[in-house]
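Mapped onto my numbering, the consecutive letters of the sequence shown carry residue numbers 293 to 679. Virtual Cβ for every residue (Gly too), placed ideally from N, Cα, C.
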Amino acid sequence: MKMSKRILEIQPSATISISAKAKKMKAEGKPVISFSLGEPDFNSPECASKAAIDAIRRGESHYTLNSGILELRQEVCNYYKRRFGLDYAPDEVLIASGAKPLLYEALQMLVDPGDEVLLFSPAWVSYVEQVHLAGGKDVIVDTLKTDLIPTKKAIEAVLSDKTVGMIVNSPSNPSGAIYDEETLKMIADVAREKDLWIIFDEIYERLVYGHAKHVNILNVAPDIRDRVIIVNGASKAYAMTGWRIGYALAPKPLIAKMNTLQTHLTSNASSIAQWAAWGAIKDADPDVEKMRKAFEERRSVILELVRQMPYVTVRDPEGAFYIFIDIRETPVPDDMKFCEKLLEEKFVAAVPGTAFFAPGFVRFSYACSMENIREGMGRLKDFLKAL
Ligand code: PMP
Ligand code: GLU
Numbered sequence: 293m294k295m296s297k298r299i300l301e302i303q304p305s306a307t308i309s310i311s312a313k314a315k316k317m318k319a320e321g322k323p324v325i326s327f328s329l330g331e332p333d334f335n336s337p338e339c340a341s342k343a344a345i346d347a348i349r350r351g352e353s354h355y356t357l358n359s360g361i362l363e364l365r366q367e368v369c370n371y372y373k374r375r376f377g378l379d380y381a382p383d384e385v386l387i388a389s390g391a392k393p394l395l396y397e398a399l400q401m402l403v404d405p406g407d408e409v410l411l412f413s414p415a416w417v418s419y420v421e422q423v424h425l426a427g428g429k430d431v432i433v434d435t436l437k438t439d440l441i442p443t444k445k446a447i448e449a450v451l452s453d454k455t456v457g458m459i460v461n462s463p464s465n466p467s468g469a470i471y472d473e474e475t476l477k478m479i480a481d482v483a484r485e486k487d488l489w490i491i492f493d494e495i496y497e498r499l500v501y502g503h504a505k506h507v508n509i510l511n512v513a514p515d516i517r518d519r520v521i522i523v524n525g526a527s528k529a530y531a532m533t534g535w536r537i538g539y540a541l542a543p544k545p546l547i548a549k550m551n552t553l554q555t556h557l558t559s560n561a562s563s564i565a566q567w568a569a570w571g572a573i574k575d576a577d578p579d580v581e582k583m584r585k586a587f588e589e590r591r592s593v594i595l596e597l598v599r600q601m602p603y604v605t606v607r608d609p610e611g612a613f614y615i616f617i618d619i620r621e622t623p624v625p626d627d628m629k630f631c632e633k634l635l636e637e638k639f640v641a642a643v644p645g646t647a648f649f650a651p652g653f654v655r656f657s658y659a660c661s662m663e664n665i666r667e668g669m670g671r672l673k674d675f676l677k678a679l
């Protein structure tokens, strides 16, 4: 049977396939500890569950407005005003079944075949495939040599007359790096000068540690509002991955186009999940802070443990819940082989940097229990010592 070129070329999501493999091995009785999937291990906040249960009892079981219930879109606007001082109206907000479909819809709206889109490596696995699905070409700006932060020189070196925009992700998955004000200003300058759009994926914005501060790009460059699509969601901040709720904020004509595409794709996101997200955004700030603090503790422990290991180095991540370990000085510098061997020999699952355009690195998610962190890192240390 003939299949489309598009689907034959697509690569599976490495984060999802590795975690599926780890789950399968665990089901077979193997003592697997998985650091592969970026998913909080906490249950969703009580206020989210309550809002969902209330919605079920009220009979909110129908299609909602395609763009999402007004109450949630209004709550997203209130949140952006409260947190970033940004003014958005409900018709500048689109609710979808996760941030992932919003990224897809934004790229479908903005990219024509042959257009070039800048991605900053290490870059999250789904960006590149989604750019390809839109017929675009990914152009990688490597940040590995510049402390995981892009420089103007590196961006200018890859710009061409086909460049149409860029995806900026801060705090970054997989590196945990946060782009500071200067960097964001520089990115905004490039976008302004070269007439580019920016998809600003800030899904980890609540998970920030130590003295680091997350900055929304429009706080340093409010004049580029018309060329920015903000993508955020309930998955990471509120530990609501399974509910599948994301939100995008952008000028009305852009949101309207993404919404049109969504009418042919998923229609509205689950009505009950929308109410759950509404409850979370309104009332879950104390829960978010509790989870953030727990992640901060795990982060300190995992970093301390990794620092005692031979061969490997790690940069302090300021946000998200990942550490991105440099394994290039180990006897197994090939990250694909390293991860395979680590899983087979020590039953520890992690994601090879190659999936993020950063060969020689390995991503560990510390969104798991402290017990797993200690046990898993013990195994990693033994693994490295035995190499
Ligand atoms: N952006 C980044 C950087 C992510 O890591 C994820 C992970 N799931 C997403 C977007 C999508 O999140 P979701 O679809 O669960 O809202
Ligand atoms: N974003 C998370 C990760 O990177 C969840 C899986 C996915 O959507 O890729 O692990």
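Item                                                                                                                          : Value
Closer than 6 Å: Ser-689 CB and nearest ligand 2 heavy atom                                                                   : No answer is possible for residue 689: the residues shown for the chain start at 293 and end at 679.
Proximity test, Leu-329 beta-carbon vs ligand 2 heavy atom, cut-off 6 Å                                                       : yes
8 Å contact criterion, which Val-409 and Asp-379 should meet: CB distance rounded                                             : So it is not a contact: roughly 28 Å between Cβ atoms.
Own chain, CB closer than 7 Å to Ala-381, minus 5 neighbours either side, in chain order                                      : Cys-369
Assigned exposure category for Ala-627 - 16 Cβ within 10 Å defines buried                                                     : According to the sequence provided, residue 627 is Asp. The question's Ala does not apply to it. It counts as buried.
Reference Val-460, options Met-550, Ile-491, Ile-617 and Ser-311, closest by Cα                                               : Ile-491
Cβ-heavy atom distance, Lys-392 to ligand 1, below 6 Å                                                                        : yes
Residue(s) in a DSSP beta bridge with Leu-300                                                                                 : DSSP lists no partner for Leu-300.
Pick from Pro-393, Ile-325, Tyr-371 and Tyr-372 that is closest to Ser-559, judged by C-alpha positions                       : Pro-393
Any non-hydrogen atom of ligand 2 within 6 Å of Asn-465 CB                                                                    : yes
Cβ-based neighbour list, Ala-480, same chain, cut-off 7 Å, excluding 5 preceding and 5 following                              : Ile-509, Val-512, Ala-513 and Ile-516
Chain-order list of residues whose beta-carbon lies under 6 Å from that of Ala-504 (same chain, five-residue window excluded) : Ile-470 and Glu-610
Those runs of the beta strand (DSSP E) which lie wholly inside the region 510-546 and span at least 3 residues                : 520-525 and 538-541
Contact under 7 Å by Cβ, Leu-672 with Pro-623                                                                                 : no
One or two residues paired with Arg-655 in a DSSP bridge                                                                      : Phe-616 and Val-643
Whole-angstrom C-beta distance between Lys-528 and Tyr-496, which should lie under 8 Å                                        : 6 Å
Between the CA atoms of Pro-625 and Ser-592 - distance to the nearest angstrom                                                : 25 Å
Ile-348, DSSP secondary structure in three states                                                                             : helix
As assigned by DSSP and simplified to three states, the class of Ser-389                                                      : coil
Beta-carbon proximity check, Ser-328 vs Ala-314, cutoff 7 Å                                                                   : yes
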